[in-house]
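To start, the structure under review is shown below, and the notes come after it.
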Amino acid sequence: MPARRAIEIGPADQNSQKWRVPFTEDAFHSFIVHGGVAARDVFGEGSLFSPLLFGKFFDPADAFPLWEFESDALLSGLRNASKSTVDWSATSADYLLKAELPGARKCDVDVCNLKEMVVEISGRWRGRETDTKDWKNGRWWEHGFARRLELPEDANWKKMEAYITDDIFLEIRIPKNSSDIDLQQMQAV
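Using my numbering, you'd call the opening residue of the sequence shown number 1054 and step up by one each time.
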């Protein structure tokens, strides 16, 4: 039976200097070339943390409105090549994100709320020494990974749940506000 554990979702440190250095396309290409297997696994094609996941370069530290897009349409090329390790969907009751976290056994995964309607998923590789107390202050991609996602307006971020299974598979479930669900059900009748 797979080992599943809840991830505590906390608020972001509002005093932190996190993500001060943007992850540019040039920095990404250089890092992938010199970063080794772990870098290619975590930031490579089809990964939730890849800056190229959405078809063009997009800094993972910038919030992306994921649920405004259908995963089948956005990731069709990656799925056809069996390179996608992420999926998201919406039902009448909630939003769901599932992603494989390559190399997650060697890192600590955090999920936190930013500005109420943004969720941040990040991880820092264990055993990597840094010169700064705040690893996200400099070239953060050398020490860990991140993805920020904008939540839809009807998402109830206060009731968001996150789980990790077998130290590899991440699942985040965000319920919709109950008043919005009731309105959708009434309109369907």
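C-beta: ideal position from N, C-alpha, C; glycine also.
Original post:
Is the segment 1071-1088 in contact with the segment 1100-1120, if contact means three or more CB pairs nearer than 8 Å?
Top reply: Yes, the segment 1071-1088 is in contact with the segment 1100-1120.
Subject >> Closest by C-alpha distance to residue 1193, when choosing among 1227, 1084 and 1205 >> reply: Stepping through the sequence shown from its first residue, residue 1193 is reached at position 140. Comparing Cα positions, the closest option is 1084.
Subject >> Helix, strand or coil at residue 1089 [DSSP, three-state] >> reply: As a working mapping, residue 1089 is identified with position 36 in the sequence shown. Of the three classes helix, strand and coil, the one that applies to residue 1089 here is helix, per DSSP.
**OP:** Rounded to whole angstroms, what's the CA-CA distance from residue 1122 to residue 1093? Just pull it up for me.
**Re:** Here residue 1122 corresponds to residue number 69 of the sequence shown, with the count starting at 1. Here residue 1093 corresponds to residue number 40 of the sequence shown, with the count starting at 1. Approximately 25 Å, taken between the alpha carbons.
**OP:** Would you list the one or two residues that DSSP bridges to residue 1167?
**Re:** Mapped onto the sequence shown, residue 1167 falls at position 114. Answer is 1171.
Subject >> Alpha-carbon to alpha-carbon, residue 1195 and residue 1091 >> reply: As a working mapping, residue 1091 is identified with position 38 in the sequence shown. As a working mapping, residue 1195 is identified with position 142 in the sequence shown. About 10 Å.
Original post:
Anyone know if the C-beta pair for residue 1216 and residue 1206 falls short of 8 Å?
Top reply: Along the sequence shown, one-based indexing puts residue 1216 at 163. Along the sequence shown, one-based indexing puts residue 1206 at 153. No; because the gap between Cβ atoms is not below 8 Å, this pair is not in contact.
Original post:
Any idea what DSSP makes of residue 1202, helix, strand or coil?
Top reply: Your numbering for residue 1202 matches position 149 in the sequence shown. DSSP places residue 1202 in strand when its eight states are reduced to three.
**OP:** Evaluate residue 1218 with the Cβ neighbour count: other Cβ atoms within 10 Å of its Cβ, from every protein chain shown; 16 or more gives buried, anything less gives exposed.
**Re:** As a working note, residue 1218 is residue 165 in the sequence shown. Exposed is the call here.
**OP:** Would you list the residues sitting across from residue 1142 in a DSSP beta bridge?
**Re:** Sequence index remark: in the sequence shown, residue 1142 carries index 89 (1-based). For residue 1142, which the question treats as bridged, DSSP gives the partners 1149.
Original post:
Got a sec? Which residues, its chain only, sit under 6 Å from residue 1142 by beta carbon, not counting five neighbours each side?
Top reply: Sequence index remark: in the sequence shown, residue 1142 carries index 89 (1-based). Within the same chain, residue 1142 has close Cβ partners 1149.
Original post:
In the DSSP assignment, what residue or residues form a beta bridge with residue 1218?
Top reply: The residue you call residue 1218 lines up with position 165 of the sequence shown. Partner(s): 1057 and 1222.
Subject >> For residue 1198 and residue 1088, the rounded distance between their alpha carbons >> reply: To locate residue 1088, count along the sequence shown from 1; it is residue 35. To locate residue 1198, count along the sequence shown from 1; it is residue 145. So the two alpha carbons sit approximately 13 Å from each other.
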